[in-house]
Every structure is written in structure tokens, then in C-alpha cells.
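Read through the structure below, which is laid out as C-alpha cells, and then see the notes.
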Amino acid sequence: MGNNKRLFIETYGCQMNVYDSEVVLSILGAHGYSPCGSLEEADLILVNTCSIRDNAEQRVWGRLDRFLQEKKKRIVRVGVLGCMAERLKQELLSHPAVDIVAGPDTYRELPAMLLRLEESGDKQIDTALSMKETYADIEPVRTDRNGVTSFISIMRGCNNMCTYCIVPYVRGAERSRDPQSIVREAGNLYKAGYKEVNLLGQNVDSYLWKNPENPTETVTFAQLIELVALIAPDLRVRFSTSHPKDMGNAVLYSMAMYPNICTHIHLPVQSGSDRMLEKMNRKYTVESYLERIAKIHEIVPDAAITTDIIAGFCSETEEDHQATLELMRRVRYDSAFMFQYSQRPGTKAARHFPDDVPTEVKTRRLNEIIELQSAISLERNRECIGSTYEVLIEGASKRDSGSLFGRTSSNKVCVFPALGHRPGEYVRVAVESCTSATLLGNIVE
Ligand code: SAH
Ligand code: SF4
Ligand code: F3S
Numbered sequence: 000m001g002n003n004k005r006l007f008i009e010t011y012g013c014q015m016n017v018y019d020s021e022v023v024l025s026i027l028g029a030h031g032y033s034p035c036g037s038l039e040e041a042d043l044i045l046v047n048t049c050s051i052r053d054n055a056e057q058r059v060w061g062r063l064d065r066f067l068q069e070k071k072k073r074i075v076r077v078g079v080l081g082c083m084a085e086r087l088k089q090e091l092l093s094h095p096a097v098d099i100v101a102g103p104d105t106y107r108e109l110p111a112m113l114l115r116l117e118e119s120g121d122k123q124i125d126t127a128l129s130m131k132e133t134y135a136d137i138e139p140v141r142t143d144r145n146g147v148t149s150f151i152s153i154m155r156g157c158n159n160m161c162t163y164c165i166v167p168y169v170r171g172a173e174r175s176r177d178p179q180s181i182v183r184e185a186g187n188l189y190k191a192g193y194k195e196v197n198l199l200g201q202n203v204d205s206y207l208w209k210n211p212e213n214p215t216e217t218v219t220f221a222q223l224i225e226l227v228a229l230i231a232p233d234l235r236v237r238f239s240t241s242h243p244k245d246m247g248n249a250v251l252y253s254m255a256m257y258p259n260i261c262t263h264i265h266l267p268v269q270s271g272s273d274r275m276l277e278k279m280n281r282k283y284t285v286e287s288y289l290e291r292i293a294k295i296h297e298i299v300p301d302a303a304i305t306t307d308i309i310a311g312f313c314s315e316t317e318e319d320h321q322a323t324l325e326l327m328r329r330v331r332y333d334s335a336f337m338f339q340y341s342q343r344p345g346t347k348a349a350r351h352f353p354d355d356v357p358t359e360v361k362t363r364r365l366n367e368i369i370e371l372q373s374a375i376s377l378e379r380n381r382e383c384i385g386s387t388y389e390v391l392i393e394g395a396s397k398r399d400s401g402s403l404f405g406r407t408s409s410n411k412v413c414v415f416p417a418l419g420h421r422p423g424e425y426v427r428v429a430v431e432s433c434t435s436a437t438l439l440g441n442i443v444e
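Just so you know, numbering that gives the first Met the number 0 puts 48 at position 49 of the sequence shown, and the rest follows in order with no gaps.
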């Protein structure tokens, strides 16, 4: 079926969605669909969606209207995948542009759904969640353009039930993927010339694989990163996201032991107020979080620490907000992703806590958080001036064609004149200046 059809896939949301789109390209590639560069050329348009905040969903509704215009011009099929498909189900299927709705655990069914659509003309939907699916045996078709760094999903779902978060509802229960399949995938990437893999999970510290044949045989996350690090000394290993309630010292010791495990930890704090953390069901306190930070500094002294912060969660007071700013000043994050609270239907917060911080207050608090963080990021980057770092080159600099960009082990973006070097090479860069987002320097031999 589907001989020589062209597939255009558009991806929203997190890195896991980027990876899932690569899985979908692989599944449909085996059924005659090859990727194309624009929706105007496509026989099938897929949009892989995100539900984390309301604005993520609004963008997709806008895209569906655009796809409908395309459908009025010619024959083209449209499918909605991912978290919004899982959350909204029939409501999405009712949109006149949409032919197929498929949740995150149903991508193996896509070829059969497309076949049924062609045969019957009926819209198709499958949003079943799975306790087992990890797509472990599927070799994704990479969509990164650099051939240097790639994502690998090591687990799916989430069991944490943070009260504001939609992910456990749309991604289902947590499952860990077979470590052998992860190591094989990373090894194949290395053979194909990749120099960095980024291991993905909503809470990587709770990764735990049990051998189904022998449940006493287990692999923890700290063991997994060592297995991947052992593939080759010049294959970098990154991971995210770490959860403050679960990140143990074993992971830090693995990082300290293997120079190719990158010295960066993304440790979302969400708030600096114990009352908010309790209400969010994060299961740590400011004190225990700071204890984790102290351990990172002790065991991996040069590690960069980044975070996520939510401004204006239910009942957040000015005092709670000040506590967040205070925590940011104490930790001095290298960078942060910062958001306004967005109520998600069906979550515990939506059911039980009024969304009572006025929008203008949320916006003002978020702006204060962003302003403080950019000042801290700039200070942090200034501390790098005068030092030399090993940088993995990823590609040409967007601003200056004679320059390249890459990342330090601590995940800082670094821009420098090319001097004949190429993506995929490691170079040593002496940092001479910076902005709050970028280090600028020169290659030293
Ligand atoms: N699993 C990761 C985060 C996944 S979602 C973790 O637990 O840290 C990425 C970030 O989106 C979260 O860290 C949080 O800061 C933000 N987020 C999640 N739900 C949100 C909501 N309802 N409103 C605003 N931000 C939200
Ligand atoms: Fe959402 Fe919490 Fe799970 Fe992260 S750990 S995905 S914030 S429920
Ligand atoms: Fe969004 Fe789903 Fe990722 S809700 S953030 S795409 S897991």
C-alpha cells in the first residue's frame, strides 16, 4: 500500500515528540511513505501535538485551519498525533481537516488506519494507551539536520501526578525501555557518525528495567548511562529530565567517572515556596532540593544546572513568588525555561484548585523571573571568559556564515570562527566574550 507517497510531518512540544515523529517516519517509511519538505507537496500531512499549555494547543488548531485550505485545493490526508490527540480524541476528529487521530502509543497502527481510511473513506481514531509499548525495536528515521547529535527515548509515560500537569493523562503510565535496545540504537548512531546522544524521559531517575525472564536482574538509570558511555569515549551522553525527588548520588558518580557523560543537569524546581511545592505534589522541599544542588557541586563540581519554573500557580502569593526569586539567586541557574501557569482540564489542579492568580499578575511575576534569570545567565557566562572548553561542533552559526556553533559539555552554546573545521569535530575553544545565551571565542590548537 501507499507506494511512493509523500509524507510531511510537523512536530510541536518536547524532545520526546521529536523522537516520536522519527519513529512514525520509520513505521510509515516501511509502508511506502517518504518524507518531503513542505506540506504543499504532501499526500499525507501529520501534526504531532503537545498539550502542556493552552497556547501549545491553540497553535495546532490554527494549523488545522491551514491544512483545511490545502484540502480544498487537492486530495491530501491529515492526521493528528501525540498528546492533544490523546486528550481531545473525538473533538479533534470532528474538525473538517482531520482524517486520522492517533495517540502516542498507537503509531504501529498508523499503516492499518491509513489503509482503512483509503478503503472506506471513514475517519479513523485510535487513542489506546499501553502499559508496554516503548517502540524499542524501531530504528527512527533521524530528522536532525546536523548528523551530530540525536535523541533517544529511554522510557515513556509518567507516574508522578504533579497536580498541574497533563502528561500522565496523555502519555500514560511510566515504562522503561530494554537497555540493550537503547545501547544498540546509540551504537548505530555512533557508527553513522553521530557524536552525541540525548537520553530522554519525563523522569529519567526512575528508569528501571527488569528482565522479564529474570526479575531480579535490573538496570538502573546510573547503570544505563554508563553502558551508553562505554560505547565510545568520543560519543557524548546527555540526558533529561532529572527529578529532584529521585535524583540520587549514583547518577552523579557515573557523571564524575566518565568524561563523555556531559556535565549538565536539568533539574526543574517549579517553585521556591514549600507551600506551592506541596500543592504541586512535587514531593520535595526547598531544603531537600538545595541539598541535591549541594551534592551536584560536591560530586560534579563543573556541572551546569538548569531548571523549569512556573509563575502564578493556584493561590500563589507575592511571598511565594519572592521565595522563587530568592531560590533562583541562591542556586544561580545557568539557564531556565520559565512559564505562566496554564490550567489543564482534567488535572487535579483544574478539578480542585481555583486558577486565581490574575493573568496580569502571572505575567508580571513571569517577567520578573525572566529578567532575574537573564541577569544570572549573563553572570554565569561571564565566569567562563578566559577559560578553554572542549566543544562539539554542531553546525554553521545562524548569524555569521564564517562561524560555527557547538556546545560545551555543560550544554553552553559556543560560537567561533570556522578555520576549516566541520560539524562532528571536537575542538578546544578559548572563550573571550559572551551574551546571556552564548559564549563567543576562538579555536585554540
Ligand atoms: N517531566 C518534567 C517536565 C515536563 S513538562 C519534569 O517533571 O520536570 C516541562 C515543563 O512544563 C515542566 O517542568 C513545567 O515547568 C511546565 N509545565 C507543565 N505543566 C504546566 C502547566 N499546566 N502550566 C505551565 N507550565 C507547565
Ligand atoms: Fe508532569 Fe510531573 Fe510527570 Fe514532569 S514529573 S511530566 S511535571 S507529572
Ligand atoms: Fe507536550 Fe506531550 Fe511533551 S504534552 S511537553 S509533547 S509529553
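Cβ coordinates follow ideal geometry from the N, Cα and C atoms, glycine included.
Closer than 7 Å: G12 CB and nearest ligand 5 heavy atom
With respect to ligand 5, the structure shown offers nothing to examine, as its ligands consist of ligand 1, ligand 2 and ligand 3.
Contacting residues, own chain, Cβ-Cβ under 6 Å from S129 (five flanking each side not counted)
Translated into positions along the sequence shown, residue 129 becomes position 130. Excluding sequence positions up to five before and after S129, its CB lies within less than 6 Å of the CB of D104, all in the same chain and listed in chain order.
Does ligand 2 have a heavy atom nearer than 7 Å to the CB of C82?
Walking along the sequence shown from the start, residue 82 turns up at place 83. No, the beta carbon of C82 sits no closer than 7 Å to any heavy atom of ligand 2.
Assign F312 to one of three DSSP states: helix, strand, or coil.
Locating residue 312 in the sequence shown gives position 313, counting from the first residue. F312 falls in the coil class under three-state DSSP.
Check whether the Cβ atoms of V218 and V227 sit closer than 8 Å, and answer yes or no.
Mapped onto the sequence shown, residue 218 falls at position 219. Mapped onto the sequence shown, residue 227 falls at position 228. In this structure, V227 does not lie closer than 8 Å to V218 by Cβ.
Indicate, with yes or no, if ligand 2 has a heavy atom lying under 7 Å from the CB of V203.
Numbered from its first residue, the sequence shown carries residue 203 at position 204. The answer is no for V203.
Closer than 6 Å by C-beta to R328: which residues in its own chain qualify, once you throw out the five before and the five after it? Chain order, please.
Numbered from 1 along the sequence shown, position 329 holds the residue referred to as residue 328. Here the set comprises nothing.
Could you name the residues of the same chain whose beta carbon sits closer than 8 Å to that of M0, not counting the 5 residues immediately before and after it, in chain order?
Counting from 1 along the sequence shown, the entry for residue 0 is found at position 1. Because the pLDDT at M0 is just 49, under 50, the model does not fix this residue reliably, and the point stays unresolved.
Any idea if P422 is buried or exposed, counting beta-carbon neighbours within 10 angstroms, 16 or more meaning buried?
To locate residue 422, count along the sequence shown from 1; it is residue 423. A buried status is given to P422, since no fewer than 16 other beta-carbon atoms sit within 10 Å of its beta-carbon.
Report the three-state DSSP secondary structure of E389 (helix, strand or coil).
Against the sequence shown, residue 389 aligns to sequence position 390. Note: E389 maps to strand in three-state DSSP.
Does the beta-carbon of T358 have 16 or more other beta-carbons within 10 angstroms, so that it is buried, or is it exposed?
As a working mapping, residue 358 is identified with position 359 in the sequence shown. Flag for T358 reads exposed.
Close beta carbons around G28, own chain, < 7 Å, minus the five adjacent residues each side
Here residue 28 is taken as the residue at index 29 of the sequence shown, counted from 1. Excluding sequence neighbours, G28 sits near V140.
Evaluate contact between the segment 365-376 and the segment 321-338, counting only Cβ atoms and requiring at least three cross-stretch pairs below 8 Å.
The segment 321-338 and the segment 365-376 touch, with three or more beta-carbon pairs separated by less than 8 Å.
Supposed close pair L198, I153 - CB separation, criterion 8 Å
By 1-based counting over the sequence shown, the position of residue 198 is 199. By 1-based counting over the sequence shown, the position of residue 153 is 154. Rounded to whole angstroms, the Cβ separation of L198 and I153 is 5 Å, and the two are in contact under 8 Å.
Where DSSP assigns a beta bridge to T126, which residues make up the other side?
Mapped onto the sequence shown, residue 126 falls at position 127. When DSSP reads this structure, T126 sits in no beta bridge, so it has no partner.
Does N158 come out as helix, strand or coil in the three-state DSSP assignment?
For this step, residue 158 is matched to residue 159 along the sequence shown. Under the three-state reduction of DSSP, N158 is assigned to coil, being neither helix nor strand.
Considering only C-alpha positions, which residue in the set S20, R427 and I298 is nearest to G81?
Walking along the sequence shown from the start, residue 81 turns up at place 82. Of the candidates S20, R427 and I298, the one whose C-alpha sits nearest the C-alpha of G81 is S20.
Please state whether the Cβ-Cβ distance between Y163 and F312 is less than 8 Å.
Locating residue 163 in the sequence shown gives position 164, counting from the first residue. Locating residue 312 in the sequence shown gives position 313, counting from the first residue. Yes. Within cutoff.
Kindly indicate which three-state DSSP category M254 falls into: helix, strand or coil?
In the sequence shown, counting from the first residue as 1, residue 254 sits at position 255. In the displayed model, M254 falls within a helix according to three-state DSSP.
Less than 8 Å between the C-beta atoms of E389 and F404, yes or no?
Reading the sequence shown from its first residue, position 390 is the one you call residue 389. Reading the sequence shown from its first residue, position 405 is the one you call residue 404. No, Cβ-Cβ distance for E389 and F404 is not below 8 Å.
Continuous alpha helix (DSSP H) assignments of at least 4 residues falling wholly in the segment 342-388:
Within the segment 342-388, complete alpha helix (DSSP H) segments of at least 4 residues are found at 347-351 and 358-381, given in chain order.
Could you tell me if the beta carbon of F220 falls within a distance shorter than 7 Å of some heavy atom in ligand 1?
Residue 220 sits at position 221 when you count from the first residue of the sequence shown. The closest heavy atom of ligand 1 lies 7 Å or more from the beta carbon of F220.
Please tell me whether F220 and V17 are closer than 8 Å, where the distance is taken between their beta carbons.
Sequence index remark: in the sequence shown, residue 220 carries index 221 (1-based). Sequence index remark: in the sequence shown, residue 17 carries index 18 (1-based). No, the Cβ-Cβ distance between F220 and V17 is not below 8 Å.
Within the chosen definition, does the segment 31-40 reach the segment 84-100 through at least 3 CB pairs nearer than 8 Å?
Fewer than three pairs of CB atoms, one per stretch, sit closer than 8 Å, so the segment 31-40 makes no contact with the segment 84-100.
Pairs of beta-carbons, one from the segment 297-304 and one from the segment 242-254, closer than 8 Å: are there three or more?
Contact annotation: the segment 297-304 touches the segment 242-254, with at least three C-beta pairs closer than 8 Å.
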